[in-house]
Amino acid sequence: MRKTVVLPSGCFSLSGPSTATGTVGGSLSLQFRYQREFQADSKYWCRKSLTPLRLLCDKIVEIRGSQLEVRRGRVSIRDHPASLTFTVTLENLKEEDAGTYWSAIDRPWDQDTHVQVVVSVYPVLLSFPQMTPETLPLREEQTQLSVGCPRVALTVSSSCLGLDSLSRESPSSRALWDPMEQSLVSIIHFVLLVFLKLPLLLGMLSAVLWVNRPQRTWGRQSRPDNENQEP
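In numbering that gives the first Met the number 0, the protein residues as written are 0 to 230.
See the structure below:
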């Protein structure tokens with residue numbers, strides 16, 4: 000990733016960004032603006048030394064005289080005299096590139112004019128493509144959930160999530176539903192047996208008992224009548 004930091008226009012001898020941020024493996028371009036009186040002077044890019052002395056700055060790359068571009072390793076500097084600007088580019092950034100730098104103009108008879116830049120380099124954040132229903136892989140994932148009855152299974156597939164058509168069935172899903180159908184038939188038969196056949200049998204038994212009871216009573220009552228008729 001290439002990042003360019005453009006300086007704001009102004010009336011300073013040298014102006015440019017004071018901070019810059021890049022990522023590991025990317026590149027960073029910084030643009031600086033100078034006054035016309037410094038058009039022929041040398042421009043350079045240096046890194047502030049870690050020593051307590053503030054004036055120490057180790058030069059990394061420098062452009063002199065009529066040179067338009069100079070490269071040293073992963074750092075290059077390019078002068079644009081027509082627009083009174085020059086650009087410093089850092090390529091293939093590393094975490095150790097983070098630090099304090101100077102972008103400066105070499106003035107032989109005076110103190111160098113410089114702009115201090117703090118460069119920060121961060122690791123690359125992994126990015127993942129956005130998943131949509133169209134890009135999601137359609138896999139027939141089956142899950143059996145126990146519902147408390149033997150040989151009863153509930154099938155949950157990707158079609159429940161709206162990722163597949165309800166009309167699509169795999170052989171494995173149909174195989175899982177066969178035991179459930181058999182169990183439902185057994186349960187229905189048991190319910191019919193308890194609530195329909197058993198009351199019917201009890202009703203028939205009661206009817207038989209009711210029919211037989213009057214016959215026995217009539218037989219007992221007819222015997223005394225016969226006895227009374229005999230002389």
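For every residue, glycine included, the Cβ atom is placed at its ideal position computed from N, Cα and C.
- In its chain, beyond the 5 residues on either side, Arg73 have a beta carbon closer than 6 Å to the beta carbon of Asn91.
- Here Ser205 carries a helix assignment [DSSP, helix/strand/coil].
- The DSSP-derived three-state label of Arg70 is strand.
- Beyond the five residues adjoining it in sequence on each side, Arg35 comes within less than 7 Å, by CB distance, of Leu83 in the same chain, given in chain order.
- For Ser119, the secondary structure class from DSSP, reduced to helix, strand or coil, is strand.
- DSSP places Ala97 outside both helix and strand once states are collapsed to three, so it counts as coil.
- If you draw a straight line from the Cα of Ala39 to the Cα of Gln30, it is about 17 Å long.
- Note that the C-beta distance between Val120 and Asp96 is below 8 Å.
- The continuous beta strand (DSSP E) containing Ala19 extends over residues 18-22.
- Annotation for Leu29: the continuous beta strand (DSSP E) segment containing it runs 26-33.
- Counting along the chain, the unbroken beta strand (DSSP E) around Leu89 starts and ends at 84-89.
- When only Cα atoms are considered, Gly21 and Thr99 end up about 14 Å apart.
- For Ser12, there is no enclosing beta strand (DSSP E), as DSSP marks it with neither H nor E.
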